[in-house]
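Residue numbers (the numbering used here): 431 to 820.
Each residue gets a CB set at the ideal place from its N, CA and C atoms; glycine is no exception.
Since the structure comes first, as structure tokens, the remarks are kept for the end.
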């Protein structure tokens with residue numbers, strides 16, 4: 431009995447200690463957790479991921495966009511100036527024909543015969559003139575033995591034959607010209623189109639059917655239109671120098687050529703309220719082709735030190751345009767703005783934003799004024815302050 435009593439007390443003490451430990455683990459940990467939660471406060475809201483871009487101050491070119499049609503700087507339909515049969519076609523379709531280069535030839539024999547006949551007539555009249563001069567000299571030497579009537583008649587004959595020889599020379603020149611017309615040559619340098627007649631066909635000077643059409647492509651023209659309300663700006667820009675015109679494919683994805691505005695039409699089309707313009711391009715690479723439809727951009731003026739943002743930053747509402755910016759606390763702020771121009775994915779801001787601010791360009795549908803944001807895309811411009819990532 432004496433030995434078992436201490437053991438019993440030891441077991442009782444151990445049981446009480448175990449119960450106290452487990453009770454502390456259960457209730458003490460819960461109280462500690464509540465205390466820590468009370469110290470931390472309510473959970474912070476999650477940040478909205480957005481894309482940002484800096485508000486920039488740059489020179490902004492103002493372009494007028496439109497649609498135009500390419501036209502040859504000069505276009506000539508080559509036709510025969512004499513009648514006859516085509517003996518030869520000397521040009522290659524679709525190739526450059528140089529000015530003065532032979533395009534086609536017509537049977538020259540009838541015109542060569544007419545030239546020879548005119549030359550023979552002149553030789554005949556020259557012989558008659560020589561004889562008439564001799565007769566006049568004889569009559570003059572006879573003096574009083576020759577009647578005045580004979581001398582005057584002979585002088586008249588000499589004058590008539592002299593005039594006849596002048597007419598013969600004109601006939602020879604005309605016959606030579608007609609003969610030259612049998613060799614049809616390119617009047618300008620340009621691209622030869624499809625031939626309209628073949629060898630062996632009879633052509634006539636009186637018909638409208640041509641032999642080939644030649645279009646000058648170096649330089650080349652583009653005819654396009656602009657709104658009439660832009661005419662004062664265009665005219666003002668022209669006074670400082672030729673305005674730049676850029677030609678694109680109709681989808682606007684590929685630049686074809688750059689040229690200069692050459693002509694402003696002398697009247698506005700009252701039915702459409704537009705003015706026709708003509709631009710000239712060097713076109714050394716033949717990127718432009720007659721009849722081609724292109725999209726045009728006319729540089730009217732350049733705005734100096736304009737406030738510019740990406741178009742994606744501009745939002746629309748029933749109250750007008752607005753944009754979100756990100757402040758130094760990474761919270762969104764809303765600004766009402768006014769936009770004057772939107773070109774090439776950039777907008778000019780007249781009011782509401784200042785250079786250096788960061789505008790939200792993506793993820794605005796989740797953003798509210800005061801929302802905490804995290805920047806998924808920061809500014810790549812080292813001169814601008816970057817919003818820190820949360």
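Residues bridged to residue i [DSSP beta-bridge criterion]
i           : result
residue 515 : 632
residue 746 : 751
residue 771 : 778
residue 508 : 642
residue 491 : 732
residue 792 : 481
Check whether residue i and residue j have beta carbons under 8 Å apart
i           : j           : result
residue 664 : residue 694 : yes
residue 701 : residue 480 : no
residue 562 : residue 587 : yes
residue 487 : residue 735 : yes
residue 404 : residue 633 : Since the first residue of the chain shown is 431 and the last is 820, residue 404 is not available in this structure.
residue 778 : residue 738 : yes
residue 692 : residue 708 : yes
residue 629 : residue 518 : yes
residue 803 : residue 485 : no
residue 595 : residue 556 : yes
residue 822 : residue 711 : A query on residue 822 cannot be resolved here, the shown segment of the chain reaching from 431 to 820 and no further.
residue 781 : residue 705 : no
residue 606 : residue 545 : yes
residue 631 : residue 516 : yes
residue 750 : residue 766 : yes
residue 728 : residue 675 : yes
Which of helix, strand or coil DSSP assigns to residue i
i           : result
residue 705 : strand
residue 531 : coil
residue 711 : strand
residue 523 : coil
residue 685 : strand
residue 648 : coil
residue 582 : helix
residue 725 : strand
residue 497 : strand
residue 622 : strand
residue 741 : helix
residue 558 : helix
residue 481 : strand
residue 812 : At residue 812, the pLDDT of 41 sits below 50, so the modelled position is not reliable; the number obtained from the coordinates is stated separately. In the structure shown, residue 812 sits in coil (DSSP, three-state: anything other than H, G, I, E or B).
Cut-off 8 Å between Cβ atoms - residues of its own chain near residue i, not counting five sequence neighbours on either side
i           : result
residue 730 : 492, 493, 494, 660, 663, 664, 667 and 673
residue 512 : 536, 541, 608, 611, 612 and 635
residue 813 : Confidence is the limiting factor: at residue 813 the pLDDT is only 44, short of 50, which leaves the residue's position unreliable and the question unanswerable from this model.
residue 825 : Shown here, the chain extends from 431 to 820; a query on residue 825 therefore has no answer.
residue 442 : none
residue 718 : 500, 647, 650, 652, 677, 686, 687, 711 and 724
residue 617 : 506, 508, 529 and 644
residue 592 : 559
residue 526 : 619, 620, 621 and 622
residue 698 : 658, 661, 704 and 705
residue 784 : 485 and 737
Reference residue i, options the options, closest by Cα
i           : options               : result
residue 800 : 770, 707 and 755      : 755
residue 497 : 595, 724 and 792      : 724
residue 568 : 552, 585, 594 and 543 : 585
residue 625 : 640, 614 and 617      : 640
residue 794 : 784, 763, 767 and 781 : 763
residue 757 : 776, 746, 790 and 732 : 790
residue 772 : 785, 783, 550 and 740 : 740
residue 490 : 798, 549, 776 and 637 : 776
residue 769 : 760, 786, 566 and 746 : 746
residue 788 : 538, 476, 760 and 549 : 760
residue 547 : 514, 564, 604 and 565 : 604
residue 637 : 510, 520, 565 and 689 : 510
residue 722 : 689, 680 and 742      : 680
residue 549 : 597, 520, 514 and 564 : 597
Cβ-based neighbour list, residue i, same chain, cut-off 6 Å, excluding 5 preceding and 5 following
i           : result
residue 645 : 502, 505, 620, 621 and 720
residue 748 : none
residue 654 : 496, 498, 707 and 726
residue 682 : 725
residue 514 : 536 and 537
Residues near residue i by beta carbon distance below 7 Å, same chain, minus five either side
i           : result
residue 713 : 647, 648, 649, 650 and 687
residue 716 : 647
residue 839 : An answer regarding residue 839 cannot be provided, because it is not within the stretch 431 to 820 covered by the chain.
residue 599 : 552
residue 684 : 678
residue 566 : 584, 585 and 588
residue 752 : 745, 764, 765, 766 and 767
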